[in-house]
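K.L.:
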Amino acid sequence: MAMSKDFYRALEDIVGARNVSCDPAVTENYRCITAQSSAHYGPYATRTPKPLAVVLPGSTEEVQQIIKLCNKYKVEFKAASTFWAAMGYIGSDNAIQLDMIRMDQVEIDEKNMIATCEPFAIGGTVSVEAMKRGLNCNIAGVGCSSSTLAGSSGWVGFGPSSIFMGIASENLLGAEWVLPDGEIIRTGTLGSDGEWFCGEGPGPSPRAIFRGWTGTAGTLGVCTKISIRLHPWPGPKWIPVRGTAPAYFADGLDCVRAYTVCYPDWDAYAESFRLFYEADICYLAHRQFNMFGRDIKTAMVEIFTHPEKQFCDLPALMEDPYIKEQNEQMKVDVQIVMAGFSDRDLDYKEKAFDEILRQVGAHKSEYYLQQDIEDFVKLYLLRLGRKNYNYTLCSSYEGNFGLSGNVFVAAPLMEEAAALKRKWEQTHTGVAAVGGDSDMGSVSGIGGGGTTGWEFFVHFDGFDLASIEDSNAHIEETAAWMKEKGLGTDFGRWNADARKPDGYNYSQAEHDSFYEKLPQPAMAEYQWKIREAFNPNHLTGSYYKTLTPKEFRKGKK
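Here the numbering used here is used: the first residue of the sequence shown is 7, the next is one more, and so on.
This is how it looks when you write it as structure tokens:
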């Protein structure tokens, strides 16, 4: 679609000629293969559309002017920070892409224990700045290279530390938010006295509209700055590191302990979580390394912690008697990190931890008690800086199942889910055979308990059509299983109703056909009314689930 020259010149006037481009060499790079998108399409003809232009705003005022210009010319827009998945990209040929990379500032208010963050202030940066002041932040499971603002204001945001620090929606305080029509809303105390220290009080609030529990993935405008709660950190101002790439280890964290717990069964696993919550001993709790698969996870960690080892060593390591024995004990496992705020505090947590393991019949993994391995786990989970490991097996992965409800509901079904995946691995060639169980994720979705945050990793070759199709068929099977068990939408289909298989937005008529069949269609009708109030020109894509109310549909019929 051709772009108006007047529109482009107006963009240049707002951000400067250096910060906007319609050069195909630039715009082509802002297209996304939609294989890993919680919809699981593939890279063969299912890339997101090419934007008319890419714009790099440098301030809230520039964002506001850009959005008002888009409304004037009826051009769609989408903003993204680190572009982790397809939800950050446009879904129309008549759209521009906002890249928020120039807005990267973070400020720490040590007294009030808050951080104010612009869109490109990534989790790693916020955490480092906070640690200098004896504080820390929840880093979403997507990793430390992701935007703290995006995870807090736009999409889910739970991570390994959520059991101690809470999910992103619990940590979000004030927000500066440019609506899809160009108006600016400032929430919490920011909207009254210009301070960032507090969110809204009880009852309905703007935060519930643009954030809620999962977020709206950028479809209700552009959040340009937020404040979040920070939490105590008892360790040093920075984490000393030793090692040779890629095997890095934390040094000097004597107040932190990292263990891998081996359980006799899933019932013991679930019961220990309840006791961890009650004893309040976890700083982080995550089933991390099982993402590689039950059969190979210990061998993979052995490779990552020894720089002289390579993936070609995997078969031999899997046959090593010690690795084999240790791996067998870790069929049902989880990684736990505890932090002591005093010697007595750490002593209590250690004793409570040991007693919980005794009560449920679990034990600490001997393999993970090795000093180098423990220090590797500490650094890995505290920083979440190794998300590239997600892609090491086959170049691509997609999460499926998504057993993210109550642990006592999900845990009894884990072996059945693992068996379903293992059967597929053994009878098909498009998905890596790793032992069926490749479940990983957060022990807690909210501070102190509640939902979990689990997903199975489906490792596939994202550049081989047969592998893409095979993994897609597997997710279709697991989605049917999830529905049969009454567990909701499969993780690999969370966004299947947000973007078409060809990478484009859904129309309202298509959304109506989906959501009129919902058990509670009033939810989508309510969101339609919100969308009409905040985004009357419908310029931000179809990730917001809306159903035209019956009284408006009747006229069309």
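Cβ coordinates follow ideal geometry from the N, Cα and C atoms, glycine included.
1. Kindly indicate the opening and closing residues of the beta strand (DSSP E) around M344.
2. Using the beta-carbon count (16 or more within 10 Å), is P321 buried or exposed?
3. Since S98 and P125 are thought to touch, with beta carbons under 8 angstroms apart, how far apart are those beta carbons, to the nearest angstrom?
4. For P63, tell me which candidate among T230, W534 and K429 has the shortest Cα-Cα distance.
5. So, are the CB atoms of Y265 and I342 less than 8 angstroms apart?
6. Which runs of the alpha helix (DSSP H) at least 4 residues long sit entirely within the segment 237-317? Give them in chain order.
7. Which two residues bound the contiguous alpha helix (DSSP H) that contains W430?
8. Quick check on A181: buried or exposed, where buried means 16 or more other Cβ atoms within 10 Å of its Cβ?
9. Just tell me which of L185, P238 and S175 has its CA closest to the CA of A214.
10. Under the three-state reduction of DSSP, which class applies to D199: helix, strand or coil?
11. For F310 and W161, what's the separation of their Cα atoms in angstroms?
12. S27: buried (16+ other C-beta within 10 angstroms of its C-beta) or exposed?
13. Touch check for the segment 325-333 and the segment 394-409: three-plus C-beta pairs under 8 angstroms?
14. Taking L409 as the reference, which of G299, A121, H369 and W460 has the closest Cα?
15. Taking the alpha-carbon positions, what's the G492 to A423 distance?
16. Would you decide whether R389 is buried or exposed? Buried here means 16 or more other CB atoms lie within 10 Å of its CB.
17. Would you kindly work out how many angstroms separate the C-alpha atoms of R293 and K80, rounded to a whole number?
18. Note down the Cα distance separating F298 from E67, rounded to an integer number of angstroms.
19. Kindly indicate the opening and closing residues of the alpha helix (DSSP H) around V2.
20. Taking the continuous beta strand (DSSP E) assigned at F569, which residues delimit it?
21. Would you mind reading off the limits of the beta strand (DSSP E) that contains N406?
22. Which residues share a DSSP beta bridge with M446?
23. Specify the secondary structure class of Q103 as computed by DSSP and reduced to three states.
24. May I have the straight-line CA-CA distance separating K563 from R53, to the nearest angstrom?
25. Taking one C-beta from the segment 218-227 and one from the segment 111-122 each time, how about it: are there three or more such pairs within less than 8 angstroms?
26. For a quick check, are the C-beta atoms of E82 and G547 less than 8 angstroms apart?
27. Roughly how many angstroms separate the alpha carbons of K427 and D443, rounded to a whole number?
28. From L387 to K355, what does the alpha carbon distance come to, in whole angstroms?
29. Within a Cβ cutoff of 7 angstroms, which residues of the same chain sit near I107, ignoring the five residues on either side of it in sequence?
30. How far does the beta strand (DSSP E) with R192 in it extend, from its first residue to its last?
31. Could you give the DSSP three-state label for E483: helix, strand or coil?
32. Look at R4 and A92 and say whether their C-beta atoms are less than 8 angstroms apart.
33. If you draw a straight line from the alpha carbon of K370 to that of Y283, how long is it in whole angstroms?
34. For L179, does the three-state DSSP call read helix, strand or coil?
35. Taking Cβ positions, are C268 and Q365 nearer each other than 8 angstroms?
36. Going by C-alpha to C-alpha distance, which of E189, M171, T433 and V449 sits closest to R280?
P.N.:
This is what the structure holds:
1. D339 to A345
2. exposed
3. About 22 angstroms separates the two Cβ atoms, so there is no contact after all.
4. T230
5. yes
6. 272-285 and 303-310
7. M420 to T433
8. buried
9. S175
10. helix
11. 30 angstroms
12. buried
13. no
14. W460
15. 14 angstroms
16. buried
17. 46 angstroms
18. 45 angstroms
19. As shown, the chain starts at 7 and ends at 563. That puts residue 2 outside it, with no answer to give.
20. Beyond the ends of the chain as shown, which are 7 and 563, falls residue 569; an answer cannot be given.
21. S402 to N406
22. E461
23. strand
24. Confidence at K563 is low in this model, with a pLDDT of 44, below 50, so its placement is unreliable and the value that follows should be read with caution. Each residue's alpha carbon lies about 34 angstroms from the other.
25. no
26. yes
27. 7 angstroms
28. 19 angstroms
29. L62 and F126
30. I190 to R192
31. helix
32. A question about residue 4 goes unanswered here, because the residues of the chain that appear run from 7 up to 563.
33. 18 angstroms
34. strand
35. no
36. V449
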